[in-house]
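Numbering (the working numbering), first residue to last: 119 to 583. Let me begin by presenting the structure, written as structure tokens, before commenting on it.
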Ligand code: DOR
Ligand code: ZN
């Protein structure tokens, strides 16, 4: 009997972290059935000619704020997953600072339903750590299948909605102040018991509050002053404490969106000592520095802040050394109106899920990293770190047929108007580069081809194995 393949991807150059070779990929029942230079018999429901292109294991963005539910005027899961598909991403991990937040199992199940019907790509769901407010929910969240635990270190939260308070001041009403180190230690203990990742937003609120008051008194409002108020030190002390807590409790610590060279050094040291401490960074820290602020303006405001050239250089070396093992977008859209204002008072964050892969592919041409390293930091490493490898992050036979096809010669210009997100704020508007995803395939189904989104939402929840 003739085999009927779901999908055959012909003549591409397969890229894994250890090999590049020409082969066809055969997909059956949503799984990779064969990767071979031989032409197998049978018929194909769908065929893709990948001649002249590279075939990568589906790319993963571990850090996306789709703001769904809660702030869907800024973004929603339908738009963010279309943006992901357009940018070659086959799986995203959704951040838990939604409204309601992802703080208990009931909200987890509700969120799975909510996201499922809008998902153009597969998705994992982060849980939020709210100190004493949900210590008793951690184990159940783990068992329910969250992808990891996130703690926004240094943030105050609203006492009724548990929303993050971005510009906390002492004495605000209905606000639970940032947790003390003792309370944070409890969070580390509780998450350590699950064996899952504890990811931290690492900025010291103490230092930031103190320095912000000082800088505000000076009357300076420019980006350099802003960096003095939210300096490298704010990240350094939190990463240092986090590593000490991880050593003490055995938690698997992941440092989110690393922005400083010093943090890379600290993570490197902890890794050398054998501790399970990992780090991610984002394109804005890799491609921008304070020197770009005059050109870009408030679109560049993000927390942690974009720092200096020397940090950028250390981050690239961190990737080369394998110390920074994940690159992600920290996709965090806000509306035009919200972002249009004074640097100090507008919200932090920008779009990123759609531009993550194109920016890194262009960096391959600039010899900042290799295409195989792109596969490592955008696919294999995140999949391994979060316990979904080899189902995701590989092209091994029997695993999910998540595939990103890239044309390394395709020129592009990022134009904010063309972004699929609801809000269009990006620091990379007008940037021209070379190297684009031209097809995104989720479990064998094409969800993007040549920049066009195809079909209705097919995405499913991904849980650690
Ligand atoms: O810039 C940021 N935006 N940093 C964060 O930590 C949160 C995010 C958001 O949700 O807007
Ligand atoms: Zn974030």
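Ideal Cβ positions, reconstructed from N, Cα and C, are used throughout, including at glycine.
query: Between residue 206 and residue 516, what straight-line distance do the alpha-carbon atoms span, to the nearest angstrom?
result: 22 Å
- prompt: Got a sec, what are the start and stop residues for the alpha helix (DSSP H) residue 435 sits in?
  reply: 427 to 439
First through last residue of the beta strand (DSSP E) which encompasses residue 398: 395 to 399
query: When DSSP builds the beta bridges, which residues end up paired with residue 276?
result: 293
field: According to DSSP, residues forming a beta bridge with residue 579
entry: 241
task: Compare the C-beta of residue 517 against all C-beta atoms of chain D and say whether one is closer than 7 Å.
output: Among the protein chains of the structure shown there is no chain D, as only one such chain exists.
message: Taking contact to mean 3 or more Cβ pairs, one atom from each stretch, closer than 8 Å, check whether the region 206 to 222 and the region 538 to 546 are in contact.
response: no
query: Do residue 360 and residue 317 have their C-beta atoms closer together than 7 Å?
result: no
field: Paired residues, beta bridge with residue 529 - DSSP
entry: 552
task: Enumerate, from N- to C-terminal direction, the unbroken beta strand (DSSP E) stretches of 3 or more residues contained entirely within the region 137 to 186.
output: 138 to 146, 149 to 154, 161 to 167, 172 to 175, 177 to 182
- prompt: With respect to the beta strand (DSSP E) encompassing residue 128, which residues constitute its N-terminal and C-terminal limits?
  reply: 122 to 133
query: What are the partner residues of residue 566, as DSSP defines its beta bridges?
result: 558, 571
- request: Evaluate the contact criterion for the region 420 to 435 versus the region 176 to 192: three or more CB pairs, one atom per stretch, below 8 Å.
  value: no
query: Where does residue 212 sit, in a helix, a strand or coil, going by DSSP?
result: strand
query: What are the boundary residues of the alpha helix (DSSP H) that residue 323 is part of?
result: 323 to 336
message: Excluding the 5 residues flanking residue 154 on each side, which residues of the same chain have their C-beta closer than 7 Å to its C-beta?
response: 141, 142
- prompt: Is the beta carbon of residue 299 within less than 6 Å of some heavy atom of ligand 2?
  reply: no
task: For residue 266, name the three-state secondary structure that DSSP assigns.
output: strand
query: What residue from 331, 122, 177 has the CA that sits closest to residue 501's CA?
result: 177
- request: Spatial neighbours of residue 165 within its chain, please: CB distance less than 7 Å, with the 5 preceding and 5 following residues excluded, ordered by chain position.
  value: 126, 128
query: Helix or strand or just coil, what does DSSP make of residue 348?
result: coil
query: Three or more beta-carbon pairs under 8 Å between the region 157 to 175 and the region 130 to 149, yes or no?
result: yes
- request: Count the other C-beta atoms from every protein chain shown that fall within 10 angstroms of the C-beta of residue 337, then say buried if there are 16 or more, exposed otherwise.
  value: exposed
Three-state secondary structure (DSSP) of residue 518: strand
field: Closest by C-alpha distance to residue 321, when choosing among 272, 395, 195
entry: 272
Straight-line Cα distance separating residue 299 from residue 74: Nothing can be reported for residue 74, as the shown portion of the chain is limited to 119 through 583.
task: Please classify residue 370: does DSSP put it in a helix, a strand, or coil?
output: strand
- prompt: Touching or not, the region 217 to 226 and the region 278 to 289, by the rule of three or more beta carbon pairs under 8 Å?
  reply: yes
- prompt: In angstroms, rounded to a whole number, what distance separates the CA positions of residue 147 and residue 301?
  reply: 47 Å
field: Host alpha helix (DSSP H) of residue 305 (start-end)
entry: 299 to 312
field: Straight-line gap, residue 194 to residue 457 (C-alpha atoms, nearest Å)
entry: 18 Å
- prompt: Leaving out the 5 sequence neighbours to the left and right, which residues in its chain are closer than 7 Å to residue 252 when beta-carbon positions are compared?
  reply: 221, 222
- prompt: Which two residues bound the contiguous beta strand (DSSP E) that contains residue 496?
  reply: Note, residue 496: premise wrong, no beta strand (DSSP E); not H, not E.
query: Just how far apart, CA to CA, sit residue 470 and residue 214?
result: 17 Å
Same chain, Cβ closer than 7 Å to residue 346, five either side skipped, listed in chain order: 329, 333
task: Could you work out which residue in 169, 144, 551 is closest to residue 159 when comparing CA atoms only?
output: 144
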